[in-house]
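Below: the structure, in structure tokens.
In full-length UniProt numbering, the protein residues as written are 1 to 232.
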């Protein structure tokens, strides 16, 4: 690309951004946003620096699209905040927060009033209204119900080496930290999965699932092994 072609593209990009500005979109830096021709953005939405919006993107009113976010072929509802995340071929509802550093892969469908926190990856899955996955979680090939709380370090184990399998988590369930859900699994409504559990069987409504080795405390073990630090 020569300088003349570069300047032509830059002018075209700036003209697109100016049209959005005239329609009520706010830019932190109008020269540092990369918006495709098919993109629709609602009034009152704030676009941060280094945001890229590609393909058929629809963003609602009064959203915040934070810096370094990339959205492609996706729909974002009203009053939703996306921070430093990647969203591709997916849908995010209203009044939801995503990121920072979240990754929504194709066929993700996140409802209203949800939270998709830092280092959460979602693929070919749905989250009902009010569901939360605050950090460090992988949700793959799953249908998560309304008001489900998914703790830190939860993994939906959806691949057996040959085939992908799907799991379901019912409304109001609680998934404790560091849980492995070995698909295909059905966790019914209002079930509780204890932290550190590997789930391999369906869990009935309102049941507690615990699968972990009991703690064993051996007093004085460190001193007998001579592992204590030497005193200076």
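Ideal placement from N, C-alpha and C gives every residue a C-beta, glycine not left out. Given the structure is predicted, the values throughout are model-derived calculations rather than measurements.
Endpoints, the beta strand (DSSP E) within which residue i is located
i           : result
residue 223 : Here residue 223 belongs to no beta strand (DSSP E); instead the alpha helix (DSSP H) covers 221-224.
residue 43  : From DSSP, residue 43 is part of no beta strand (DSSP E); its letter is neither H nor E.
residue 217 : Per DSSP, residue 217 belongs to no beta strand (DSSP E) and is neither H nor E.
residue 155 : 155-157
residue 72  : 70-72
DSSP bridge partner residues for residue i (one or two, in chain order)
i           : result
residue 168 : 143 and 186
residue 118 : 135
residue 109 : 91 and 126
residue 33  : 51
residue 16  : For residue 16, which the question treats as bridged, DSSP gives no partner whatsoever.
residue 199 : 181
residue 86  : 70 and 103
residue 97  : 81 and 115
residue 75  : 58 and 91
residue 175 : 150 and 193
residue 64  : 46 and 81
residue 208 : 192
residue 26  : 46
Residue environment, residue i, which counts as buried when at least 16 other CB atoms sit within 10 Å
i           : result
residue 210 : exposed
residue 151 : buried
residue 234 : Outside the displayed range of the chain (1 to 232) lies residue 234, so it cannot be described from this structure.
residue 11  : exposed
residue 145 : buried
residue 207 : exposed
residue 20  : buried
residue 104 : buried
Member of the options whose CA lies at the smallest distance from the CA of residue i
i           : options               : result
residue 159 : 147, 170, 45 and 138  : 138
residue 123 : 146, 42, 86 and 204   : 86
residue 62  : 51, 45 and 74         : 45
residue 36  : 91, 172, 175 and 17   : 17
residue 147 : 153, 156 and 174      : 174
residue 198 : 190, 155 and 167      : 155
residue 164 : 172, 185, 141 and 153 : 141
residue 26  : 43, 133 and 109       : 43
residue 14  : 118, 28, 216 and 32   : 32
Residue i: CB within 6 Å of a non-hydrogen atom of the ligand SAH
i           : result
residue 201 : In the structure shown, the ligand SAH is absent, as is every other ligand, since no ligand is present at all.
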